[in-house]
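A quick write-up on the structure given underneath.
Numbering (this note's numbering), first residue to last: 3 to 362.
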């Protein structure tokens with residue numbers, strides 16, 4: 003009886019149209035993660051400071067920052083390499099796309115991001131990305147020398163990623179990213195390999211789409227190196243450290259183009275963020291575009307453990323003979339961290355100068 007039921011279910015699934023199969027698959031994945039998302043918070047409060055590689059949770063681009071990071075289902079540019087690799091399939095038909103972003107973060111720290119994508123064919127794209135976080139030079143202090151010992155140290159983080167995205171149907175696409183990440187704090191370092199998985203689905207009703215992504219999925223690793231602890235008597239050396247977990251984040255997003263024509267486009271977005279080391283947050287974002295030249299954006303995040311204010315920003319697209327240039331700026335203000343500014347520039351290399359001239 004069980005065998006007969008399994009065969010019947012299998013045949014029924016095969017007989018469904020590709021659109022229905024994609025929709026059922028999406029519903030299964032979403033429901034699976036929602037069940038897990040309800041279980042995880044039971045382990046206790048916000049779980050803050052229980053993972054490493056925190057730089058992986060800093061959005062690198064100005065466009066998403068201006069929409070308060072409600073961006074998962076909207077993403078259609080090089081920032082897909084960070085947000086959701088499935089979004090790469092929404093890039094235009096040009097072969098190469100480049101982007102460089104800079105974040106002026108809290109306390110004099112900074113984050114740099116760079117990405118390149120290449121379209122292999124109509125349905126497949128690949129990309130590489132780099133994230134580099136620099137905390138700058140800091141003084142070594144002790145209990146008895148709170149103003150410094152005369153020594154300094156540096157804290158840096160590095161992430162290198164390779165992404166693959168594929169469009170299975172006109173409405174459904176998926177992507178995966180493998181990232182090498184490394185943290186360096188003075189003479190101590192920790193390295194790991196983590197993965198991002200995501201998909202996007204165009205519902206096909208009123209320009210509505212949704213996306214699901216898991217970022218920074220991996221295993222615990224143990225740091226290496228040693229630190230000399232300064233004491234009044236003999237100094238001691240520490241070379242054994244506790245294993246560090248990765249900052250995995252589950253995201254679910256929806257986007258809807260309320261207005262979409264040649265002159266105006268108004269996109270609204272909703273997003274659920276469920277990190278393994280903090281409280282769940284919810285965000286909304288809005289993007290308005292005029293003639294595909296100028297864009298204005300805003301957004302807000304709810305349920306953060308550090309107070310947040312509405313985010314805002316703007317962007318512009320410039321068509322030139324040698325390609326298309328995109329400029330984006332995003333501003334956030336957090337109660338505990340202060341002002342955060344993000345600026346980015348992207349460049350689309352046309353397949354030929356002739357094609358670029360035809361667009362102009």
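Glycine included, each C-beta is placed from N, C-alpha and C at the ideal position.
* Can you have a look at residue 230 and say buried or exposed, based on whether 16 or more other CB atoms are within 10 angstroms of its CB? => exposed
* To do: Look up residue 310 in the DSSP assignment and say whether it is helix, strand or coil.
  => strand
* Is the number of C-beta pairs between the stretch 275 to 283 and the stretch 85 to 99 that are closer than 8 Å three or more? -> no
* Asked: Would you call the stretch 200 to 217 and the stretch 97 to 109 in contact, with 3 or more CB pairs under 8 Å?
  -> no
* Asked: residue 300 CB to nearest chain B CB: under 8 Å?
  -> Of the protein chains in the structure, only one exists, and it is not chain B.
* To do: Look at the alpha carbon of residue 182 and the alpha carbon of residue 328, and state the distance between them as a whole number of angstroms.
  => 28 Å
* Asked: Along the chain, which unbroken stretches of the alpha helix (DSSP H) at least 4 residues long are found entirely within the stretch 232 to 282?
  -> none
* Out of 103, 191, 322, 249, state which residue places its alpha-carbon closest to the alpha-carbon of residue 351. => 322
* Asked: Taking just the CA atoms, how far does residue 210 sit from residue 162?
  -> 32 Å
* With burial defined as no fewer than 16 other Cβ atoms inside 10 Å of the residue's Cβ, what is the status of residue 45: buried or exposed? -> Here residue 45 scores only 42 on pLDDT, less than 50, and its place in the model should not be relied on; the value that follows carries that caveat. Exposed.
* Kindly indicate the opening and closing residues of the alpha helix (DSSP H) around residue 83. => 82 to 85
* Length of the line joining the Cα atoms of residue 35 and residue 145 -> Low per-residue confidence applies at residue 35: pLDDT is 45, beneath 50, and the placement is therefore not dependable enough to give any value.
* To do: Closer than 6 Å by C-beta to residue 238: which residues in its own chain qualify, once you throw out the five before and the five after it? Chain order, please.
  => 231
* Asked: In terms of residues, what are the limits of the beta strand (DSSP E) holding residue 184?
  -> 174 to 187
* For the candidate residues 293, 242, 195, 79, whose alpha-carbon lies nearest to that of residue 63? -> 79
* DSSP three-state assignment for residue 56, whether helix, strand or coil -> helix
* To do: Can you grab the Cα-Cα spacing for the pair residue 222 / residue 247, in whole Å?
  => 4 Å
* To do: Taking residue 121 as part of the alpha helix (DSSP H), name the residues at either end of that continuous run.
  => Residue 121 -> not in any alpha helix (DSSP H); beta strand (DSSP E) instead, spanning 112 to 121.
* Below 8 Å, can you find three or more Cβ-Cβ pairs linking the stretch 122 to 133 to the stretch 104 to 111? -> no
* To do: Would you mind sorting residue 185 into buried or exposed? The rule is 16 or more other CB atoms within 10 Å of its CB.
  => buried
* Asked: Would the beta-carbon of residue 137 fall within 8 Å of that of residue 156?
  -> yes
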